[in-house]
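Participant: Its first residue numbered 324, the sequence shown is counted upward by one per residue in this note's numbering.
Yeah, the Cβ is synthetic: ideal placement off N, Cα and C, and Gly gets one too.
Because the structure is a prediction, the values reported are computed rather than measured.
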Amino acid sequence: MTARPFDGRDRVAPAVKPMQIIEPEGKNYTITGDMIHWRNWDFHLSMNSRVGPMISTVTYNDNGTKRKVMYEGSLGGMIVPYGDPDIGWYFKAYLDSGDYGMGTLTSPIARGKDAPSNAVLLNETIADYTGVPMEIPRAIAVFERYAGPEYKHQEMGQPNVSTERRELVVRWISTVGNYDYIFDWIFHENGTIGIDAGATGIEAVKGVKAKTMHDETAKDDTRYGTLIDHNIVGTTHQHIYNFRLDLDVDGENNSLVAMDPVVKPNTAGGPRTSTMQVNQYNIGNEQDAAQKFDPGTIRLLSNPNKENRMGNPVSYQIIPYAGGTHPVAKGAQFAPDEWIYHRLSFMDKQLWVTRYHPGERFPEGKYPNRSTHDTGLGQYSKDNESLDNTDAVVWMTTGTTHVARAEEWPIMPTEWVHTLLKPWNFFDETPTLGALKK
Numbered sequence: 324m325t326a327r328p329f330d331g332r333d334r335v336a337p338a339v340k341p342m343q344i345i346e347p348e349g350k351n352y353t354i355t356g357d358m359i360h361w362r363n364w365d366f367h368l369s370m371n372s373r374v375g376p377m378i379s380t381v382t383y384n385d386n387g388t389k390r391k392v393m394y395e396g397s398l399g400g401m402i403v404p405y406g407d408p409d410i411g412w413y414f415k416a417y418l419d420s421g422d423y424g425m426g427t428l429t430s431p432i433a434r435g436k437d438a439p440s441n442a443v444l445l446n447e448t449i450a451d452y453t454g455v456p457m458e459i460p461r462a463i464a465v466f467e468r469y470a471g472p473e474y475k476h477q478e479m480g481q482p483n484v485s486t487e488r489r490e491l492v493v494r495w496i497s498t499v500g501n502y503d504y505i506f507d508w509i510f511h512e513n514g515t516i517g518i519d520a521g522a523t524g525i526e527a528v529k530g531v532k533a534k535t536m537h538d539e540t541a542k543d544d545t546r547y548g549t550l551i552d553h554n555i556v557g558t559t560h561q562h563i564y565n566f567r568l569d570l571d572v573d574g575e576n577n578s579l580v581a582m583d584p585v586v587k588p589n590t591a592g593g594p595r596t597s598t599m600q601v602n603q604y605n606i607g608n609e610q611d612a613a614q615k616f617d618p619g620t621i622r623l624l625s626n627p628n629k630e631n632r633m634g635n636p637v638s639y640q641i642i643p644y645a646g647g648t649h650p651v652a653k654g655a656q657f658a659p660d661e662w663i664y665h666r667l668s669f670m671d672k673q674l675w676v677t678r679y680h681p682g683e684r685f686p687e688g689k690y691p692n693r694s695t696h697d698t699g700l701g702q703y704s705k706d707n708e709s710l711d712n713t714d715a716v717v718w719m720t721t722g723t724t725h726v727a728r729a730e731e732w733p734i735m736p737t738e739w740v741h742t743l744l745k746p747w748n749f750f751d752e753t754p755t756l757g758a759l760k761k
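1. Please classify residue 555: is it buried, with 16 or more other beta-carbons within 10 angstroms of its beta-carbon, or exposed?
2. So, helix, strand or coil for residue 577, using DSSP?
3. Cα separation between residue 439 and residue 449?
4. Alpha carbon to alpha carbon, how far is residue 626 from residue 615?
5. Given this structure, state the Cα-to-Cα distance separating residue 568 from residue 518, to the nearest angstrom.
6. Starting from residue 756 and walking both ways along the alpha helix (DSSP H), at which residues does that stretch end?
7. Among the candidates 697, 382, 370 and 354, whose CA atom is the shortest distance from the CA of residue 398?
8. By Cβ distance, which residues of its chain are closer than 7 Å to residue 624, with the 5 residues on each side in sequence left out?
9. Apart from the five residues on each side of it in sequence, which residues of its chain come closer than 7 Å, Cβ to Cβ, to residue 607?
10. Could you tell me if residue 419 is buried or exposed, where buried requires 16 or more neighbouring beta carbons within 10 angstroms of its beta carbon?
11. Can you tell me whether DSSP reads residue 344 as helix, strand or coil?
12. Quick one: give me the first and last residue of the alpha helix (DSSP H) that residue 420 is part of.
13. Return the bridge partner residues of residue 746 from the DSSP annotation.
14. Along the chain, where does the beta strand (DSSP E) containing residue 630 start, and where does it finish?
15. Tell me the rounded alpha-carbon separation between residue 349 and residue 489.
16. Return the first residue and the last residue of the alpha helix (DSSP H) that residue 542 is part of.
17. So the alpha helix (DSSP H) residue 609 belongs to, where does it begin and stop?
18. To test your reading of the DSSP string, which unbroken beta strand (DSSP E) runs of 3 or more residues are found completely within the stretch 490 to 544?
19. For residue 560, which beta-bridge partners are listed by DSSP?
20. Report the CB separation of residue 425 from residue 497 in whole angstroms; it is logged as a contact under 8 Å.
21. In whole angstroms, give me the CA-to-CA distance for residue 546 and residue 558.
22. Out of 574, 396, 339 and 364, which one is the CA nearest neighbour of residue 628?
23. Exposed or buried, which one is residue 417 when buried takes at least 16 other CB atoms within 10 Å?
24. How big is the Cα-Cα spacing for residue 484 and residue 512?
25. May I have the straight-line CA-CA distance separating residue 599 from residue 501, to the nearest angstrom?
26. Is there contact here, the stretch 351 to 361 with the stretch 665 to 677, by at least three beta-carbon pairs under 8 Å?
27. Assign residue 401 to one of two classes, buried (16 or more other C-beta atoms within 10 Å of its C-beta) or exposed (fewer than that).
28. Who are the Cβ neighbours of residue 761 in its own chain at under 7 Å, not counting the five residues just before and after it?
29. Among 541, 613 and 505, which has the Cα closest to the Cα of residue 719?
30. What would DSSP say about residue 761, mapped onto helix, strand or coil?
31. So residue 329 and residue 663 are supposed to be a Cβ contact under 8 Å. How far apart are they, rounded?
32. Report all residues from its chain with a CB closer than 6 Å to the CB of residue 460; omit the five preceding and five following residues, and keep chain order.
33. Could you check how far apart the C-beta atoms of residue 375 and residue 429 are, in whole angstroms? I think they sit under 8 Å.
34. Quick one: grab the DSSP three-state call for residue 657.
35. Between the C-alpha atoms of residue 464 and residue 658, what's the straight-line distance to the nearest angstrom?
36. Can you give the beta carbon distance from residue 351 to residue 383, rounded, assuming they're within the 8 Å contact cut?
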């Protein structure tokens, strides 16, 4: 069989007509040094050798008042564990940022391909592995994009009411071996912040005897993966990301609040036998805060000292998984006695909240390649400090369980996972009223 280039350059595709993105009156955002201003948002942007972009001192201008949202946010760490016990695979559990430094592995962004043609591309300087300054050209892309309708309503017989949604995206790409990771920080005009992680590149594969699933060895050959080409298996693995988010919701002192929708009997009379209500309670300590994500519930970082005009505490909702294009990683795909499991407990729960301590920076610990036990989030939360009305850090774990398919070989289309931070009674009304009116 003749080898063919993985990028398809030997294929002939139909001609594509060009598409242009223009901003005839200039940008709606300004970049001054490391400060970015867009609409009501202001934040600092810097670059770190280990975790890439750092988004800090994030504020939202609410009718003339700059309100704190986040002191500092970044990728905390990530792991890519493989599930094949073979001698050539069992050890493969890559701590991409903790072991290799994803900032130092930044991939320069190609305009019009990795980011739209209207993007501003920023050069960054970081310390390399020896501490020497290293300049990275086109390290970060910043761009504004159309993102559908922000809102719409059509009253019968009345004019349409709608407005477009705009987003500001801060994009960074890191290439770690065979995989390329795309990270987007997405600022919405309505106060929402999205963090998207995309995986692309070339899957790690193993050679097998079977050419098709009809061959005698196919069942054994594909026990830990998928036959994605003749004699090639893509091994099942996970991409698990953790984001460290030092939120300051309208101030430094916050509390963790749970809201669980429940069905309760109707005691008020009438034909209905049941009602929909919400159980609301505080989660008071670090160990109780470490939870699996249940998309049917609501978790808020709330400021008990500030209220909106209805008297509700101002809050931000924490959503570790807001959809994706691969199966969600509900936790570590390992038995509890696995050595990986005990070193890196951050990957098994999607929500962690700890009291702020300046030395607690990485979910896998400061020196994970030398660790024999959990020196990260498992250790940080071991003292079970109170989370009541204090400076808290949210650690959001998300990711996918990657079951390979033929359409991802020889190169994988970008597969995304989405997370969100959403204002919850942070404002007094719809914050985008009047936005983008012509």
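Facilitator: Here's the rundown:
1. By the 16-neighbour rule on beta-carbons within 10 angstroms, residue 555 is buried.
2. Strand.
3. Computed Cα separation, rounded: 25 Å.
4. The alpha-carbon atoms of residue 626 and residue 615 are separated by roughly 23 Å.
5. When only Cα atoms are considered, residue 568 and residue 518 end up about 11 Å apart.
6. From DSSP, residue 756 is part of no alpha helix (DSSP H); its letter is neither H nor E.
7. When only C-alpha atoms are compared, the closest one is 370.
8. Excluding residues within five positions, the ones whose Cβ falls inside 7 Å are 570, 572, 577, 579, 638, 639, 641, 715 and 717.
9. If we look at residue 607 and ignore the five residues flanking it on each side, its Cβ neighbours are 709, 710 and 711.
10. By the 10 Å Cβ count, residue 419 comes out buried.
11. DSSP, reduced to helix, strand and coil, places residue 344 outside both helices and strands of the structure shown, so it counts as coil.
12. From DSSP, the alpha helix (DSSP H) with residue 420 extends over 419 to 423.
13. Paired residues: 639.
14. Here the beta strand (DSSP E) through residue 630 covers 621 to 630.
15. Computed Cα separation, rounded: 15 Å.
16. Segment 541 to 544, the alpha helix (DSSP H) holding residue 542.
17. Note, residue 609: alpha helix (DSSP H), 609 to 612.
18. You should have 502 to 511, 516 to 524 and 528 to 530.
19. For residue 560, which the question treats as bridged, DSSP gives the partners 405 and 725.
20. Between residue 497 and residue 425 the Cβ distance is about 4 Å, and since that is below 8 Å, they are a contact.
21. So the two alpha carbons sit approximately 9 Å from each other.
22. Selection 574, 396, 339 and 364 evaluated against residue 628 yields 574 as nearest (Cα-Cα).
23. Classified as buried, residue 417 has 16 or more neighbouring CB atoms from the shown chains inside 10 Å of its CB.
24. Cα atoms of residue 484 and residue 512: separation of roughly 18 Å, rounded to the nearest angstrom.
25. Here the alpha carbon of residue 599 sits roughly 49 Å from the alpha carbon of residue 501.
26. The stretch 351 to 361 makes no contact with the stretch 665 to 677, as fewer than three CB pairs between them are under 8 Å.
27. With 16 or more Cβ atoms within 10 Å of its Cβ, residue 401 is classed as buried.
28. Here the model assigns residue 761 a pLDDT of 45, short of 50, so the residue's position is not dependable and the matter cannot be decided.
29. Ranking 541, 613 and 505 by Cα distance to residue 719 puts 613 first.
30. In this prediction, residue 761 scores a pLDDT of 45, lower than 50, which makes its location untrustworthy; the coordinate-derived value is nonetheless stated afterwards. DSSP places residue 761 in coil when its eight states are reduced to three.
31. Not a contact, Cβ separation roughly 30 Å.
32. Leaving aside the five residues that flank residue 460 on each side, the residues in its chain whose CB is nearer than 6 Å to its CB run, in chain order, 431 and 446.
33. About 7 Å; that satisfies the 8 Å criterion.
34. Residue state, collapsed to three classes: coil.
35. Cα to Cα, the separation comes out at about 40 Å.
36. In fact, because the Cβ distance is near 16 Å, the residues do not count as touching under 8 Å.
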